Amino acid sequence: MTQPTLKSANCSADTFRRFLHDMVNLQDKHNREVHPNWIEQGYPFHRAIWTECAELLDHYGWKWWKHQLPDISQTKLEVVDIWHFGLSMIIIQKTDLDELSHLMVECETTTRASVEQLHDCVETLAFHALQKKFDVIAFVDLLKAIDLSLKELYGLYIGKNMLNLFRQANGYKEGTYRKIWNGQEDNVHLARLVQEMDPFAVGFAGSLHRKLQQDYETSKT
């Protein structure tokens, strides 16, 4: 089935700069909920990245001895999970966000990575992670290979944070939350909604939460 794509997929460096700052602030807030002084704890974010790379390949498929159909929605969500850990490393390294946003937009415009190179792109990113580095250029190459724009990355990142809040509000901690709606995981519903919406629109997070709630309630009937 053809995957829906966001309208006006590319964004300017100025636009992405604002949203990069937003994502960094959200990631810092999330990490502080895990530990108030998370930066000083020495968490192995690089290890999380290369293990997520392996999970990504499992969703996309790599086994030549069996028939596999790529699960694009889940593959993209694994890329977003990698981005969570990459952002954490960016924060620790005190990366200049203005320069980083310019670099990422430039790479999105110029890189020629294609879906045929996806496996190589994943392994390149994992190689750098094994060197305890997060290589932004390798990450953008992976985005291009999976046809995931910076705009969609932002939408899915914000969406995943909203989904985590949504889960908690609907009994995730108490064990009453239903992760499967109408035969699909909530991650799949999230990916569809984000692709249908404009993550740069005013009130995007609130609108997404309402649509998640609507789909969740509808699935009960």
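Per our numbering, the very first residue in the sequence shown carries number 368; after that it's consecutive.
Glycine included, each C-beta is placed from N, C-alpha and C at the ideal position.
Model, not experiment: these values are computed from the prediction.
Open item on the list: Using 8 angstroms as the threshold, is the C-beta distance between K511 and P566 below it?
Closed with: Against a cut-off of 8 angstroms, the Cβ pair of P566 and K511 comes out as no contact.
Task: Option in S574, I513, W450 and S455 with minimal Cα separation from A480 - done: Answer by Cα proximity: I513.
- [ ] Label K443 either buried or exposed according to how many other C-beta atoms from any shown protein chain fall within 10 Å of its C-beta, with 16 as the threshold for buried.
- [x] Buried: at least 16 other Cβ atoms inside 10 Å.
- [ ] On a CA-only basis, which of I439, V446, E407 and V391 is nearest T418? Give me that one, please.
- [x] Minimum Cα-Cα distance from T418 among the listed residues I439, V446, E407 and V391 corresponds to V446.
Task: Residue nearest to L424 in terms of C-alpha spacing, selected from I439, H576 and Y410 - done: Checked all of I439, H576 and Y410; the closest Cα to L424 is I439.
TODO: Helix, strand or coil for W431, going by three-state DSSP, please let me know.
DONE: Looking at W431 - three-state DSSP - the assignment turns out to be coil, as it is neither helix nor strand.
Task: 4-residue-minimum alpha helix (DSSP H) runs that sit fully inside the region 383-439, ordered along the chain - done: For the region 383-439, whole alpha helix (DSSP H) runs of length 4 or above, ordered along the chain, are 412-427.
Open item on the list: Can you find the residues in the same chain that come closer than 7 angstroms, C-beta to C-beta, to R399, ignoring five residues on each side of it along the sequence?
Closed with: Cβ within range, chain order: W405.
- [ ] State the Cα-Cα distance for the pair L560 and Q394, rounded to the nearest angstrom.
- [x] Roughly 22 angstroms separates the two Cα atoms.
- [ ] Determine the burial state of V569: buried for a count of at least 16 other Cβ atoms within 10 Å of its Cβ, exposed for fewer.
- [x] When all chains shown are included, V569 counts as exposed.
TODO: Work out the CA separation of W429 and A421 for me, nearest whole Å.
DONE: Across the structure, A421 and W429 are spaced so that their CA atoms are roughly 10 angstroms apart.
TODO: Can you tell me which of the three DSSP states E552 falls into?
DONE: Reduced to three states, the DSSP call for E552 is strand.
Open item on the list: Can you give me the C-alpha to C-alpha distance between V503 and N531, rounded to a whole angstrom?
Closed with: Taken atom to atom, the span from the alpha-carbon of V503 to that of N531 is near 25 angstroms.
Task: Separation of L523 from A558, as counted between CA atoms - done: Here the C-alpha atom of A558 lies approximately 7 angstroms from the C-alpha atom of L523.
Task: Euclidean distance between Cα positions of K461 and M390 - done: Cα-Cα distance, rounded: 14 angstroms.
Task: Inside the region 479-559 only - alpha helix (DSSP H) runs reaching at least 4 residues - done: If only uninterrupted alpha helix (DSSP H) runs of at least 4 residues are considered, those enclosed by the region 479-559 are 485-497, 503-512 and 517-536.
Task: Short Cβ contact (8 angstroms threshold) for F412 with M456 - done: Against a cut-off of 8 angstroms, the Cβ pair of M456 and F412 comes out as a contact.
Task: T581, enclosing alpha helix (DSSP H) - first and last residue - done: A small correction: the amino acid at residue 581 is Gln; Thr does not occupy that position in the sequence shown. Following the DSSP letters along the chain, one finds Q581 inside the alpha helix (DSSP H) bounded by residues F571 to T585.
Task: Cβ contact (3+ pairs, closer than 8 angstroms) linking the region 575-585 and the region 544-557 - done: A contact exists between the region 575-585 and the region 544-557.
- [ ] Out of V401, I416, T382 and S586, state which residue places its alpha-carbon closest to the alpha-carbon of T491.
- [x] Nearest of V401, I416, T382 and S586 to T491, Cα basis: I416.
- [ ] Measure the C-alpha to C-alpha separation of V472 and C378 and round it to an integer number of angstroms.
- [x] One C-alpha to the other measures close to 8 angstroms.
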